[in-house]
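Here is the structure we will look at, set down as C-alpha cells.
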Amino acid sequence: MMEPPDVHVIYGLRFILWCFSLLSGLNINFVKSSLIPINVGDDNLREMANILGCRIEHMPCRYLGLPLMTRKLSYRDWQPVINRIERRSEGCQGRLLSQGDKLVLLQAMFFLSIFRAPKGVLARMETIRRCFFWQGASMAGKTPCLVRWGEICKSKKKGGLGVLNLDMMNRALMSKWCWKWVCNPEAKWMRTF
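According to the working numbering, the residues represented by the sequence shown are 27 to 219, in order.
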C-alpha cells in the first residue's frame with residue numbers, strides 16, 4: 027500500500043487493516059511486514075513503523091522473492107524464483123495430480139505482473155511447466171509428450187488447453203501498468219516515482 031508519510035494516515039491504515047482482519051478472519055502478521063520509504067525523510071519513519079508494529083526496510087529489498095530495484099532484473103536475480111518453481115513442481119505430489127489440477131498450478135505466475143522477465147528466464151520457466159504438465163515433476167526422466175506444447179498453449183476455442191504463453195502474459199501484464207498510468211496519471215503510486 028502506498029500512503030503519504032503522515033502519522034494520522036498510518037493510524038487510519040492500522041485501523042482499516044484491523045477491521046479487515048476482524049471481518050475476514052485473516053490475521054495480518056505485522057512482524058513479517060515492512061515499511062519501505064520512497065521519497066520520505068526519516069522524520070516520522072520510526073514512529074510510523076512502531077504504530078504498525080513492523081520493521082523498516084530500504085531499497086533494494088525483496089518482493090515475491092525478487093529484489094525491488096531501479097535496474098532491469100538479470101537472470102541471476104530471477105534464480106530464487108526459478109528454484110521455487112522447480113521445488114514446487116518436484117516430488118511425488120505432481121505425479122498424483124490430474125492433468126486438470128496441473129493446469130491450474132501452471133497458471134499461477136503472479137510475479138510476472140510486476141517485473142519484466144528476461145527471455146532466458148521465461149524459457150526456463152516454460153521448460154519447467156512443460157515437464158511438470160507431462161511428467162508431474164520439473165525434470166524427471168524422459169516422458170514422451172503426447173501433443174506439442176504449442177498446441178496445449180492454444181486457447182480452448184482453438185482446441186488447446188488455454189495454458190498461457192509466459193512471454194505474452196508478461197507483456198500483457200506489464201502493459202496493464204502503462205494503461206493505468208494513462209487512465210489515471212494522478213494515482214498515488216505514480217506520485218511516488
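Note that the Cβ used here is the ideal one computed from N, Cα and C, for glycine as well.
Coil, strand or helix - residue i by DSSP
i, result
"I82", "strand"
"R88", "strand"
"L99", "coil"
"L190", "coil"
"S59", "coil"
"P144", "coil"
"L123", "coil"
"P227", "No information on residue 227 is available, as it lies outside the stretch 27 to 219 that the chain covers here."
"P211", "coil"
"L199", "helix"
"L43", "helix"
Beta-carbon proximity check, residue i vs residue j, cutoff 8 angstroms
i, j, result
"S60", "I42", "no"
"K202", "A213", "no"
"R156", "W175", "yes"
"W104", "V173", "no"
"P93", "L99", "yes"
Neighbour-count burial assignment, residue i, 16 or more Cβ in a 10 Å radius
i, result
"C87", "exposed"
"C179", "buried"
"W44", "exposed"
Reference residue i; option with closest CA among the options
i, options, result
"I108", "N76, S124, A75, A143", "A143"
"D127", "K202, R110, S115", "S115"
"F136", "R72, G91, N53", "G91"
"I54", "F159, G67, C209, R40", "R40"
"F158", "K145, N76, Y89, S124", "S124"
"N76", "R97, Y37, K183, S181", "Y37"
"M95", "C80, C179, I62", "I62"
"A149", "C209, Y89, Y101", "Y101"
Distance between beta carbons of residue j and residue i, contact taken as under 8 angstroms
i, j, result
"P31", "M85", "At roughly 15 angstroms, the Cβ-Cβ gap does not stay under 8 angstroms, so P31 and M85 are not in contact."
"M151", "L199", "M151 to L199, Cβ: 14 angstroms. No contact."
"L129", "L187", "6 angstroms"
"E112", "I140", "So it is not a contact: roughly 21 angstroms between Cβ atoms."
"F46", "L78", "With a Cβ gap of about 14 angstroms, F46 and L78 do not count as contacting."
"M195", "L138", "6 angstroms"
"V33", "N65", "In fact, because the Cβ distance is near 17 angstroms, the residues do not count as touching under 8 angstroms."
Contact with chain D by residue i, beta-carbon distance below 8 angstroms
i, result
"L187", "Reference to chain D is not applicable here, since this structure consists of a single protein chain."
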